[in-house]
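One line per chain: the protein sequences are Y and E, in this order. With the first letter of the first sequence counted as 1, position 31 gets the number 31 in our numbering; the numbers rise by one all the way through. With the first letter of the second sequence counted as 1, position 195 gets the number 432 in our numbering; the numbers rise by one all the way through. We put the CB at the ideal spot given by N, CA and C, even for glycine. The structure displayed is predicted, hence computed values, not measured ones. Worksheet: the structure to be examined is printed underneath.
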Amino acid sequence: MTKSTTGDNPSNPATTELGCHEMSQAVANGESPPPHHEAVPEEAMGLPRCYPRCCGRPLFRGNTDALGYALDLMARSTVFACAGAFLLPALLKMAKLEAGCEIDPPDGTNKVPDCHGKVYGIRPSSLLTTILTIVAVLSTAMLPLVGAIVDTTTHRRAIGRVFAFVSSILLFPTIFVNQDNWFIISVDFIVLGFVGWVLCVVNYAYLPGKSRRCSWFVFVLSRAALYKAHNILQQQN
Amino acid sequence: MTNDQKILNELTRGISILSFSFIVSCLAITVGVSSGFDLMDDYETVAHISQSIAFCLFVTSVTLSWGFLYGPRPAAHAFPDGHHSVWTAGFVQLYTTIGKIHRQYPALRWYYIAITLSNAAVGALLIISMTFMTDQLDFSSQAIGTCVTIMLLFSIPGSILSSWITKRFNPLNSSILSLVAMCIVATLVSVVLKEPGQEVDAYLLSASWGVAMGWNFTVDRMMIASLIPPRQEAELMGLFLFAGQALNWLPPLIYTSLNEANVSPRVGMAMLNVFFLLGIVCYLCMGRYSDARAAVASDPAGDNEAREDKTQMPKEGTAKSTGK
Numbered sequence: 001m002t003k004s005t006t007g008d009n010p011s012n013p014a015t016t017e018l019g020c021h022e023m024s025q026a027v028a029n030g031e032s033p034p035p036h037h038e039a040v041p042e043e044a045m046g047l048p049r050c051y052p053r054c055c056g057r058p059l060f061r062g063n064t065d066a067l068g069y070a071l072d073l074m075a076r077s078t079v080f081a082c083a084g085a086f087l088l089p090a091l092l093k094m095a096k097l098e099a100g101c102e103i104d105p106p107d108g109t110n111k112v113p114d115c116h117g118k119v120y121g122i123r124p125s126s127l128l129t130t131i132l133t134i135v136a137v138l139s140t141a142m143l144p145l146v147g148a149i150v151d152t153t154t155h156r157r158a159i160g161r162v163f164a165f166v167s168s169i170l171l172f173p174t175i176f177v178n179q180d181n182w183f184i185i186s187v188d189f190i191v192l193g194f195v196g197w198v199l200c201v202v203n204y205a206y207l208p209g210k211s212r213r214c215s216w217f218v219f220v221l222s223r224a225a226l227y228k229a230h231n232i233l234q235q236q237n
Numbered sequence: 238m239t240n241d242q243k244i245l246n247e248l249t250r251g252i253s254i255l256s257f258s259f260i261v262s263c264l265a266i267t268v269g270v271s272s273g274f275d276l277m278d279d280y281e282t283v284a285h286i287s288q289s290i291a292f293c294l295f296v297t298s299v300t301l302s303w304g305f306l307y308g309p310r311p312a313a314h315a316f317p318d319g320h321h322s323v324w325t326a327g328f329v330q331l332y333t334t335i336g337k338i339h340r341q342y343p344a345l346r347w348y349y350i351a352i353t354l355s356n357a358a359v360g361a362l363l364i365i366s367m368t369f370m371t372d373q374l375d376f377s378s379q380a381i382g383t384c385v386t387i388m389l390l391f392s393i394p395g396s397i398l399s400s401w402i403t404k405r406f407n408p409l410n411s412s413i414l415s416l417v418a419m420c421i422v423a424t425l426v427s428v429v430l431k432e433p434g435q436e437v438d439a440y441l442l443s444a445s446w447g448v449a450m451g452w453n454f455t456v457d458r459m460m461i462a463s464l465i466p467p468r469q470e471a472e473l474m475g476l477f478l479f480a481g482q483a484l485n486w487l488p489p490l491i492y493t494s495l496n497e498a499n500v501s502p503r504v505g506m507a508m509l510n511v512f513f514l515l516g517i518v519c520y521l522c523m524g525r526y527s528d529a530r531a532a533v534a535s536d537p538a539g540d541n542e543a544r545e546d547k548t549q550m551p552k553e554g555t556a557k558s559t560g561k
């Protein structure tokens, strides 16, 4: 697919950089930041016929980076929402069964009996929080390192592709979760959580465009939030 | 992506709507299929269905985005000559930024601590809720999926409410109120939900929680956007993202410890309130919002820092570019 001319093209000298400084100054002064891009005719974008359109207009103004970001965000969010809602509760119930605990209230009662059994050294009800603790510790400890690598590498897309592929490989076995493999799937999910988080960081690094000043983990929300804050503050004034 | 803020706003809205719609659709499809085929209590099959949908969507989406849509990008910057290696650069940057905030921006310091504490609790909320609903309330996969869907859907009115309250008060008061709302809902969850059969109560509380989360998420970002000193957005937004997940491991670890010590899971759920309350205390320590804004707006440190950064920044092109 062809890159959009509305995106930041590092080789395009006509693209004017709106630095974070100018943006925040505009916010502080209560002024509206000046636009730097004019609408680009669709023919000039060179978009392929298969590019998705809505109401006759190319989706996201033909900005392929924006569509790419939306698809990646959608993919990661859906995976973790579905896992949170369905896979993780299933893992918890499987762990309870392995620990010899009841997962349903006995007939005539409305309370699930307390589970005092253990699996792999912990109570089954600690499984999900243990998974989250491990993923969070790994992510927090590695954030500065991963951020620095992503920020300075000239191979961001290659890194993104590798981690997207690895995520797909790690996600596949979760389809076949069952009572025999729940622990392996739990470990797999920990690795998937970390790899998915790295993919998220690489994705963020795609958003600031060519601005060096805005490059360290600044993602689209920072600028959008600045803009929104500006509007709100203006109304307050 | 683009530098035009109006276009960026439009793109951000589009991205949020698209991703949000797909999440809700996937959850709704899984719940619908499990209900349609009477699989409500067959958690294993429901997990197979949800993971199959998620896998197909994930592979298709990342293939399109990373394979076709994203182009090559040059490095954002190279390391200054004679400075740290890639292994230590991020940590040194973090240390430097935290030191600078501690010395120069007391209001921002309290804000970052508040974000660290409150986001830790919000981040752990979903997993702790899942554990609570599965282990204690014996909810079916369908009921849990419905709770998550409701929570997500009600984050939209929460986000709108956030903008409305922020306009009428200010981001600081709105942030405090959002944490008060989170406290109230966490308390209600731990007090009201006791036993199986309380699905309707859980749905109502999920809606309240969704509103509180949407409110909190939106106002956090508006607050940081309005408090960042000039010329330091990159550095301080980086720290904002780090602060948002720096303590994400702590609430689940405390919950696990309480659980292992046979403490009631409802106490573990209520434990999140400690983080929210500490967050409120930190917000109160910030002082008046107008003073905090005036301090960062008039502080010349931003310009000085920017000049220092400029002297350390290598010339453009020192990092090999793979861009077009």
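Practice task
Alpha carbon to alpha carbon, how far is Leu170(Y) from Val191(Y)? Give it in angstroms, no decimals.
Solution key: 8 Å
Handout entry: Contacting residues, own chain, Cβ-Cβ under 8 Å from Gln179(Y) (five flanking each side not counted)
Key = Met94, Leu97, Glu98
Handout entry: chain Y contacts made by the stretch 482-499 of chain E, where a contact means CB separation under 7 Å
Key = Gln482, Ala483, Asn485, Trp486, Pro489, Leu490, Tyr492, Thr493, Asn496, Glu497
Exercise for the section: Check whether the Cβ atoms of Asn407(E) and Ser126(Y) sit closer than 8 Å, and answer yes or no. Expected result: no
Practice task
From the DSSP output, in three-state form, read off Cys55(Y) for me.
Solution key: coil
Practice task
Tell me, please, whether the CB atom of Gly273(E) is closer than 8 Å to any CB atom in chain C?
Solution key: In summary, chain C is missing from the structure at hand, where the protein chains are Y and E.
Practice task
Find out if the Cβ-Cβ distance for the pair Asn110(Y), Pro433(E) is shorter than 8 Å.
Solution key: yes
Exercise for the section: Measuring alpha carbon to alpha carbon, tell me which of Lys337(E), Ala291(E), Ser355(E) ends up nearest Val79(Y). Expected result: Ala291(E)
Exercise for the section: For Ile122(Y), write down the residues that DSSP places opposite it in a beta bridge. Expected result: Val119(Y)
Practice task
Would you kindly check if the distance between the Cβ of Asp278(E) and the Cβ of Ile352(E) is under 8 Å?
Solution key: 8 Å or more divides the Cβ of Ile352(E) from the Cβ of Asp278(E).
Problem - Inter-residue spacing [alpha-carbon to alpha-carbon] between Ile252(E) and Pro502(E) - result: In a straight line, the C-alpha of Ile252(E) is about 37 Å away from that of Pro502(E).
Problem - Val177(Y): first and last residue of the uninterrupted alpha helix (DSSP H) it sits in - result: Neither: Val177(Y) is in no alpha helix (DSSP H) and is coded neither H nor E.
Practice task
Would you verify that the beta carbon of Asn181(Y) is, or is not, closer than 8 Å to some beta carbon of chain E?
Solution key: no
Problem - CB of Ala85(Y) within 8 Å of CB of Val296(E), strictly - result: No, they are not a contact pair.
Exercise for the section: Give the secondary structure of Phe172(Y) by DSSP, where H, G and I count as helix, E and B as strand, and everything else as coil. Expected result: The answer is helix: DSSP assigns Phe172(Y) an H, G or I state.
Problem - Any chain Y beta carbon closer than 8 Å to Ala265(E) - result: no
Problem - Ser253(E) (DSSP reduced to helix, strand or coil) - result: In the structure shown, the three-state DSSP call for Ser253(E) is helix.
Practice task
Kindly examine the ligand MN and report whether one of its heavy atoms sits closer than 7 Å to the Cβ of Met388(E).
Solution key: Among the components modelled here there is no ligand, and therefore nothing to report on the ligand MN.
Problem - Minimum Cβ-Cβ distance from Asp566(E) to chain Y less than 8 Å - result: No answer is possible for residue 566(E): it lies beyond the span of chain E, which begins at 238 and ends at 561.
Exercise for the section: Determine the contact status of Gly451(E) and Ser399(E), defining contact as a CB-CB distance below 8 Å. Expected result: Contact annotation: Gly451(E) and Ser399(E) have beta-carbon atoms nearer than 8 Å.
Handout entry: Nearest neighbour of Ala449(E), chosen from Gly395(E), Ile254(E), Phe512(E), Leu374(E) [CA to CA]
Key = Gly395(E)
Exercise for the section: Check whether the Cβ atoms of Gly160(Y) and Tyr307(E) sit closer than 8 Å, and answer yes or no. Expected result: The answer is yes: Cβ separation under 8 Å.
Practice task
Anything in chain Y within Cβ reach of Gln288(E), meaning under 8 Å, just list it in chain order.
Solution key: Cys82, Ala83, Phe86, Leu87, Leu171, Thr174, Ile175, Val177
Practice task
Can you grab the Cα-Cα spacing for the pair Glu102(Y) / Leu87(Y), in whole Å?
Solution key: Whole-angstrom Cα-Cα distance: 19 Å.
Handout entry: Cutoff 8 Å: Leu97(Y) Cβ touching any chain E Cβ
Key = no
Handout entry: Residue range of the unbroken alpha helix (DSSP H) whose run includes Val426(E)
Key = 408-429
Handout entry: Same chain, Cβ closer than 7 Å to Val283(E), neighbours up to 5 away in sequence not counted
Key = Thr267, Ser271, Leu276, Ser378
Handout entry: Per-residue burial, Met23(Y) [other beta carbons within 10 Å of its own, 16 or more giving buried]
Key = Residue placement at Met23(Y) cannot be trusted, given a pLDDT of 42 that sits under 50; what the coordinates show is reported in the next sentence. So Met23(Y) counts as buried.
Handout entry: Same chain, Cβ closer than 7 Å to Gly56(Y), five either side skipped, listed in chain order
Key = none
Problem - Coil, strand or helix - Leu484(E) by DSSP - result: coil
Exercise for the section: Give the range of the alpha helix (DSSP H) segment to which Lys111(Y) is assigned. Expected result: From DSSP, Lys111(Y) is part of no alpha helix (DSSP H); its letter is neither H nor E.
Handout entry: chain E contact residues for Asp104(Y), given Cβ-Cβ distances below 7 Å
Key = Contacts between Asp104(Y) and chain E, judged by CB atoms closer than 7 Å, involve Asp375 in chain order.
Problem - Residue from Ala444(E), Gln288(E), Thr368(E), Ile381(E) whose Cα sits closest to the Cα of Val422(E) - result: Ala444(E)
Problem - Anticipated Cβ contact below 8 Å, Leu484(E) with Leu362(E), distance rounded - result: Not confirmed; about 13 Å, so no contact.
Handout entry: Range covered by the alpha helix (DSSP H) that runs through His285(E)
Key = 280-301
Problem - Classification of Thr64(Y) by the beta-carbon crowding that lies within 10 angstroms, buried from 16 upward - result: buried
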